[in-house]
Every structure is written in C-alpha cells, then in structure tokens.
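>
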Amino acid sequence: MKTRTRALALAVLIATAATGCAAGQNQPGTAKPGGSVTDIAAHVVKSGFNAKGGNINVLMSSDFQTLDPGNSNYVQTANVGQLYYRTLTMAKETAGQPPTIVPDLATDTGQVSKDGLTWTFTLQEGVKFEDGRPITSADIKYGVERTFAQDVFTQAPQELNAALDAGGYKGPYKDPSAVLKAVETPDERTVVFHLKKPFAEFPALASRSNTAPVPKDKDTRLDYTNHPVSSGPYMVETYNRGKSLKLVRNPHWDPATDPNRTALPDTFSFSLSTSQATISQQLLANSDPNAITLDSNGALQTSDSAKLADAQVKDRVASGLLGCNDVLSLNTEKISDPDVRKAIALALDRQSILVQYGGRRFGEITQTPLNAKMRGYVAQELELDPSGKPKLDEAKKLLEGKTYPKSLTFGYANNRDAYKNTGTVVQQNLKALGIDVQLVPIPAPNYYSIMASDQLPDIGRSGWCGGADPASVRTSADPILGPNNDGTSYGFSNTSRYFDPQVSRAMFELRNTSGTSEELGRKWSEEFGKALKTYPIIPLIRSHTNSVVGSNIRNAQVGYFFGGIDLSIVGVEH
Amino acid sequence: MIRFILRRSGSLILLLIAVSFITFTLFQLGPADPASAACGQECTPERVAEARVALGMDQPFLVQYADYMRGLVAPRMIGAPGAESVCQWPCLGKSFQTNEDVSDIIGRSLPYTLSMAIGALVLWTVSGVGLGLLAALRKGSATDKFIVGAASVGVSLPIPVTGLFLLLVFVNQLHLLPFTTNEIASPLGPQGPWAWVLNYLLPWIALAVLFSASYIRVTRTNMIETFGEDFIRTARAKGLAPRTVTFKHGVRAGITPVVTMLGMDIGLLLGGAVLTEQIFSVPGLGFTAVRAAISGDLPVTMAITMLAAFFVIVANVVVDLAYAAIDPRVRLQ
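Sequence lines, in order, name chains A and B.
Using my numbering, read the first sequence as starting at 1 and increasing by one per residue.
Using my numbering, read the second sequence as starting at 1001 and increasing by one per residue.
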C-alpha cells in the first residue's frame, strides 16, 4: 500500500489546506532574498509537560472508518492507534520533521541479511495484551496474515505486504489451511520476514499497522473494530459507533518497555459526530480547555484563518509542515513535448494557486515534491520562479514554432473549492498561451481511480504524503514518476504517465539495488531530478497544518505524517 | 375507513419499492464507485475487484437489488465468501464505510432528528398559527402589519443565516447556551429534560423562524377568507359569542390548509433537516445522509431515502384522515 496512509494523509493534506485567506501579517515563514521560501517553523504548544492524569476530549466530525489495525490505511486511525496498539517499529513524530523509525515491540529496528532479502525482529520481553497475555511472534504473524484478506478488509494496508515474498497468499479466512511462508516465527520472540527484493526502508514498513499483534482467538473479523485488543497504553472502555469512544489505561502496559509514548492523560474521550464548524468554534473560543481535534486541518474553516493570530488563540495553535505535497500532473501522452510542458509550468501563477489553498499559513510553494529532510536528498532546481510568479515571456518563447494542443482538460476532485479554483487559475494562465482549458469535476471518492484510468484528464492535481517512509526519497519518487512492476511502462500511481526508456529503466533497476536508504536516496533523487526537468509534473504546494487546542492542553504537536495532534505525547493540565 | 387505510398502506408499500428501486438504480448508474473509493490512491484493478467482492458489488445489479429487498423481510448473510456475517431482520445492509448494521445507524440517528423535529414543530405551529390568527383577527391594524412584515422577513431567511446568527449571538458572544452535544438525544436521558431543551433550543428557533413565517401567512389568509364566509356571518347573526365563532367555527374550517402543510413538513423534517443538522451539529438522519452520500455509502443512503419517503407518505395519509376530523365538510367515501 503505498497508499492509503498517503491517500489518507494526502486526503488530510488535501482537505487540510482548506481555508481561504491570502498571505498577510502574522503569517509564519519568511522569504529569502532570492524569493525562495524557508521552511515554515513548527510550533509545539506548551512542550516539556510531563504530569500524568486528566482527560482529553477529542472532537471529531465523524467516526473512524475502523479501529482495526488490519483494516486501516488512514493517518487518523494510525494516530489514535498509537494509543491502543504497538507495532514492531514505530514512526516517532517530531513536528516539522519526517518521523524517525524507532523500535517499539521489537528490541531494535530489525536485522537485515547480507542479500537484503531477510529481516529479523526480536520482541521485547514483558510486552502484554490488555488481558495480561504475553504478546508472541505468532500474534504478530497473525496480524500480518489478516491484512492479506483484501476481500474482507478493503482498506487493509498493503505496503508491507507488497514487499513480502508472499506468493498468492490471500489471508487466513478464505483458505484457513494456506500458509504465509514469507513470515516465520522460529520461536515466541522472533519474527522473520522474507522479501521479494531488497528494501532499505523495511523498518518503516514494519511500523505500519500490519505488524500490530492480533490474538487469533479474539479475531472477530470485521467486528474486530468494535474492540481491538490493546497492546498499547490505553484500551477501549466504551465505543458507541458514530457517537463516542472512551479510552482508559491498559493496566498491562509496561512503560518500561515503551519509551516512545508518554501516555500522560488517564483517559481520552472522543466525540464522533460534531460538525467541523462547531469544532473550530469551540476550539477558537476555548469553550472546552481540555479539547483537541483530529479533523483535517484542525477542523478550521475558511473564515477562521484570521482568528489564528488573535492574542487569545495564537499560543494555542500547534502547527507544522507536513510531508504532503500537491502537484499538477500533465498527461505526457497528450502533452508529449517537454518544452510545451515546461511552457505550461512557466505560465502558471503558483502564487495565485497558493491563495486558493488558504495562503502561507496553509502551505508553501515548492520546486519539487521531495524535500531536504529526506535521506540522501539531492537538490533539483527547476526553472520555475521559487516564489511562484509566472514567467510568461519565457513560456511564449518556448512555444514559438511548436505544434501543441490548443485545448486541454483540467480534472478536479469535487470535494473542495481550492481544487476547482486551482483549475480556474490554470484556465486563466493558459489562455495567455492560446490554450483553452476545460474544467472537469470528478467525484472525490473515485478521483484517483479516474486519474489512473483512460478517463484521465490532461491536467490534474495529485497529492502525495511521503508513502511508506516519509523520510525516504524512494517512497515518494517511485510512486510519483516510477515505472510499473516489470519496468515496461509507467507505474499505476504515476498519473502523468511519465515513461522514459533510460530514466525509467534506471528507476526500475534501483528497486533491485541493495544499499543504505541514504545511498539509494541520492540515486533516486538524481533520476527523479532528470525526470522532473522534463516537466511531467508541476510542483505546487507543500502543506502546512494548524490545529487549535484548549488552554489546558500540553505537548501539542502536529505530526509530519499524521497531519494532526500527535496523541502519543499530548498531555493535559488538570 | 378501514378500506381507505388498507388501500393507502398498499400504495405506501408500492411507493417504497419504487423509491428503493430508483435510488438503487441511480446509485448504480452514477459516477461514484464505492469499490474504488474503498482503496483510494493505490486502487489497482485487482484491489478494486477484491473490494467489489467485499462490498457484495460483484453480483449483477438485479441480484444485488433482490438481495437487498430480501433483507427487508428476512435475515440474510453479508460479506465475502468465508467471512460472511448475519444481518438480522430488518436487514438494511451494512455500511460500506464502517461495516455497521444500517439499522443501528438509523436507530442511533433517529432520536436526534425526532428531538429536533418535535420541539421545532411545537414552536412553529404555536407561533405560526397563533400569530396568523392574531393578524387575521386584527386585519389592517399595526399588529397585523408587523406580523405580516416579520413573516416576510422570516420566510426569506435561509437556515444557514438564521442558524449561524443564533450560534454567534447566543453561544459565541453571550454564552447563554452551550454548543450542541451529541450526548443528549432525548428528554429522558441522564441529563434531564431541561438540558434537552437547552441543547435543541437554537435549532428549534432556527426552524421555527423559517417555518412559522409560512404558517403565519397561510393561517392569516385562510382565516380572513373563512371569516368572510356565510356560515360565519350566520353564526354571528345567531348571537354566538365572538370566541365561539372564532375558534369553534372559524378556526376549524380555516385551519385545513395548515394541516396539509403541517403533514408535509413533518414528513420532510423527519427525513432529516440536512442544513439545520449540519449547522447545529445534530447527528440525525440528515447529518448522516450527507456523509453517506458524499462517501458513496449506498446502504445508508438507501435506508435514509426510504425512511424519508416513508415519513412523507405516512404524513400524507395522516393528513387525509385529519381532514375529516377537523373539517366536517370533508367526507371520506
């Protein structure tokens, strides 16, 4: 699944950037003399707090699709999941930074064989489920097995599974006698994974919810969501679907085995059906000092943007850049000349597009969907203006004597005004090049299916949140512009349909190359940079999220991956 | 009377079948695809195929529809082969989004919608009919002009304007009322009836402002018309007390169109006041329906659509029956 988490996280970012308000006073971030933009500084609300106790009210506009770690690809669920399940490794968040992969249930982040095809993890001693039973390697393996049952769990995370040498394994339900040979459990504390190809970022894959332990005798399949058996610091006390969820301390969680979660509050109380407008008003007004939200973009509405700088509010705003980027994909089969694509990119007023996303408080203009925080990143500078201004004369010059399509379609997901408005900006900008752009709405839930189908528009927005490992170049570069599984064409999520015999071949070979993530990151950066310079995509916005919290909330940071308040460290004064 | 009720019940069932079929068909023909929505950005054709099996959408359209309708009369199995679960009667399916029984979702949402509808209904009927009657009795006076003017303003204020204004003033600025909470679904809950009233007061007022405006105008017009009729003149000529003429003879005859409106409005409101529930965070049927429609959750959309149709049709039958009771000139044949 390079996927859902990102589709998710992406959805986060996407839905995230909501609010409309141009850059103005009190906006975070500063411009460099050359016009490029520095990172927008992350803000953690009242950090350094370590008192246990109290209750945090989490306001949400809707219920979790699922709490089942085997059926969840959503960052929101991954965030709350930190409270009630543990995984072999963990993506530990730091505001504004890609998460660090640290050991969780395992004693380390895994030992790899020389050929890079086998990863071995050893479970810590003393880790237990909420009923006091020890967590064993069999529980981990069963958790992984369940995620192969895609005919039952439609949202099962697949990134880890795709890396495993699992043959045609289809999960434990359809054929209970089938065996998942790609995962071995030689003893109660050892889990061994066999991979199809080397994967330097495998420790990040092991942090995904696939490796959350599930006791086989407690597996109620789709109903497991009602009470997932806890291996983390909290467990489900009550869960009224669509209404409320109460998490209380798990008496069998041993903090000595878990330095990653501070688990400060005694309880978390989730309200699961409060409209976003009400959530944002409650938080801005501080009507509940113990409240936070996990909704996208802190549930903030367009009209709330200006209030974030108010004296009563600004110290309660947790904020930070996410790993999520929006780009425009140009259909390279329709717009086949790289110079024409470059001309389109140069003609775009990306500053105006940022305004549609809510201005500087909600994102920054980027030159690449990769970023300098990624391991092995090598800068790739495009000839676009770093501050986003159009270069119309250069664009027109590039098109002189060229034959190019005079009519293009722009597809947008119909769930957010910013997407349509981006299309309007593109429409206006390309008119100057003599290109007529027709806007085509696409149902939001099926947006990416359509982008991957023959109904693909000529230009479409696409989002990416870093994939399996947000600190890795590969897990962004490969899905965005990489080839398909046999290296003969463009990849499934490569919505610009970019395929270059040399560059795509090099990317394909990199997938089979052993090395550290840093070394491979450099190589991926170089190949991605070559592809980028032919403008199959036009980098747009990197998302910046704000989330207002109640005045009693402490250690509130916006996770780079989660896009919301990191529940593993948040606390409350009581 | 019994024949009438039986006949209307039969047509109710036929109408519900028609509504269910149309909803099901529209969903199938529409652009939304729940299977591809289930797996998102990495939705390979293989994953979509698996999701179709999981959602039961791999079957032909008519088979899916027949399965759905069968669930309305008997329990049925739902889910992928090897992982089926029983959906108890009345089976409205399981949510594509959360796998909950749709009947549970409806059961959870309905009390909120009822709470909102009942209070609003009382408020707008009392104020609408009362003020309409007052305006009719004082036709041409300053009171009449004021009430008619206020009604004109009320009828032209959409719920988002009234609702947000009420929230801004009474909750955000004056702090006289709390933000709506989903903890209170009925007056019989642990928080008691007073908390229930406070929780729903603003949505009641917002709905009452909109609805009572129409009721004022309709009541006033009809009452003025009725007061000019021969039988009222006769009643007055016979020396009946003005109160008796007004309420016993006038109101009973003049109120009939209001009853028609009331029946239709109750039916619509019980189907979910979408905007009001959204603005005031009331997780009722309208709130739920919007989410279901956006996310392509067919079973939930189907159930709420059918329920709304059911309420409207039943309300119509009740209105027909009420006519006879209120206005002796109407006779059931």
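C-beta: ideal position from N, C-alpha, C; glycine also.
Residues of the segment 1044 to 1056 of chain B in Cβ contact with chain A at a cutoff of 8 Å, in chain order, please.
For the segment 1044 to 1056 of chain B, which is checked against every Cβ of chain A, the residues closer than 8 Å are T1044, R1047, V1048, E1050, A1051, V1053, A1054 and L1055.
> Residues of chain A with CB closer than 7 Å to the CB of L1082 (chain B), please, in chain order.
According to the sequence as given, residue 1082 (chain B) is Gly; it is not Leu. Here the neighbours are Y173 and K174.
> Helix, strand or coil for A1325 (chain B) per DSSP?
Residue state, collapsed to three classes: helix.
> Can you tell me whether DSSP reads E364 (chain A) as helix, strand or coil?
In the structure shown, E364 (chain A) sits in a strand (DSSP, three-state: E or B).
> Which whole-angstrom value is the C-beta distance of A1293 (chain B) and I1106 (chain B), which I expect to be below 8 Å?
Actually they are not in contact, since the Cβ atoms of A1293 (chain B) and I1106 (chain B) sit about 15 Å apart, beyond 8 Å.
> Measure the beta-carbon distance from G995 (chain B) to G1263 (chain B) and round it to whole angstroms, keeping in mind my assumption that it falls under 8 Å.
With chain B covering only 1001 through 1333, there is no way to say anything about residue 995 (chain B).
> When burial is assigned at 16 or more other CB atoms within 10 Å of the CB, is V327 (chain A) buried or exposed?
Its Cβ being crowded by 16 or more others within 10 Å, V327 (chain A) is buried.
> Give the DSSP-derived three-state secondary structure of I335 (chain A) in the structure shown.
Looking at I335 (chain A) - three-state DSSP - the assignment turns out to be coil, as it is neither helix nor strand.
> When the Cα of N1099 (chain B) is compared with those of A:T190, A:D223 and A:I101, which residue comes out closest?
Nearest option by C-alpha distance: A:D223.
> In this structure, how does DSSP classify Y377 (chain A) when only helix, strand and coil are distinguished?
Three-state DSSP puts Y377 (chain A) in coil, outside helix and strand.
> Opposite K1094 (chain B) in the DSSP bridges: which residues?
Answer is B:D1101.
> Where does V327 (chain A) fall in DSSP's three states?
Reduced to three states, the DSSP call for V327 (chain A) is strand.
> Give me the residue from A:D288, A:Y74, A:Q65 and A:N50 with the minimum Cα distance to F1096 (chain B).
Per the Cα distances, A:Q65.
> May I ask which residues mark the beginning and end of the beta strand (DSSP E) holding T120 (chain A)?
T120 (chain A) -> beta strand (DSSP E) spans T118 to T122.
> Quick one: is T495 (chain A) buried, meaning 16 or more other Cβ sit within 10 Å of its Cβ, or exposed?
Its Cβ being crowded by 16 or more others within 10 Å, T495 (chain A) is buried.
> Could you tell me whether the Cβ atoms of A101 (chain A) and T87 (chain A) are closer together than 8 Å?
Reading off the sequence, residue 101 (chain A) comes out as Ile, not Ala. Contact flag unset, no.
> Distance cutoff 8 Å, beta carbons only. Does N55 (chain A) sit that close to anything in chain B?
It does not: the Cβ of N55 (chain A) has no partner Cβ on chain B nearer than 8 Å.
> Taking CB distances under 8 Å as the criterion, tell me whether S1186 (chain B) reaches chain A.
It does not; no Cβ of chain A falls within 8 Å.
> What are the residues in the segment 1188 to 1213 of chain B lying within 8 Å of chain A by C-beta distance?
The residues in question: there are none.
> Taking Cβ-Cβ distances shorter than 7 Å, what residues in chain A pair up with N1172 (chain B)?
The contacting residues are Q281 and A285.
> When DSSP labels each residue in this structure, what does N546 (chain A) get in the three-state scheme?
N546 (chain A): strand per DSSP, three-state reduction.
> Checking the sheet assignment: what are the DSSP bridge partners for F410 (chain A)?
Beta-bridge pairing links F410 (chain A) to A:L439 and A:I459.
> My output table needs one value for I56 (chain A): the three-state DSSP class, helix, strand or coil.
The answer is strand: DSSP assigns I56 (chain A) an E or B state.
> Could you name the residues of the same chain whose beta carbon sits closer than 7 Å to that of W1124 (chain B), not counting the 5 residues immediately before and after it, in chain order?
These residues qualify, in order along the chain: L1207, A1208, F1211, S1212 and Y1215.
> Would a C-beta distance cut-off of 8 Å place V183 (chain A) and V144 (chain A) closer than the cut-off?
In this structure, V144 (chain A) lies closer than 8 Å to V183 (chain A) by Cβ.
> How is the beta strand (DSSP E) around Q97 (chain A) delimited, first residue to last?
Note, Q97 (chain A): beta strand (DSSP E), Q97 to P103.
> Applying the 10 Å Cβ sphere with the 16-neighbour rule, what's the burial state of F1179 (chain B)?
Result: buried.
> Pick helix, strand or coil for E1225 (chain B), following the three-state DSSP scheme.
In this structure, E1225 (chain B) counts as helix in the three-state DSSP scheme.
> By alpha-carbon positions, which one of A:L567, A:P198 and A:V473 ends up nearest to E518 (chain A)?
The shortest C-alpha separation from E518 (chain A) is found at A:V473.
> Write down the C-beta distance between L1177 (chain B) and L1198 (chain B) rounded to the nearest angstrom, noting that I regard them as a contact closer than 8 Å.
Sure, about 6 Å apart at Cβ, within 8 Å.
> Are any of the Cβ atoms in chain B nearer than 8 Å to that of D63 (chain A)?
Interface residue, yes.
> Using only CA atoms, which one of B:A1054, B:K1139, B:W1194 and B:L1131 lies nearest to S1085 (chain B)?
Per the Cα distances, B:A1054.
> Going by other Cβ atoms of all chains shown within 10 Å of its Cβ, with 16 needed for buried, is M1077 (chain B) buried or exposed?
Exposed.
> Please check if any C-beta of chain A sits within less than 8 Å of the C-beta of F1179 (chain B).
F1179 (chain B) counts as touching chain A.
> Measuring only between beta-carbons, confirm whether T1098 (chain B) sits less than 8 Å from chain A.
Closer than 8 Å: yes.
> DSSP has C1087 (chain B) in a bridge; who is on the other side?
C1087 (chain B) pairs with B:R1076.
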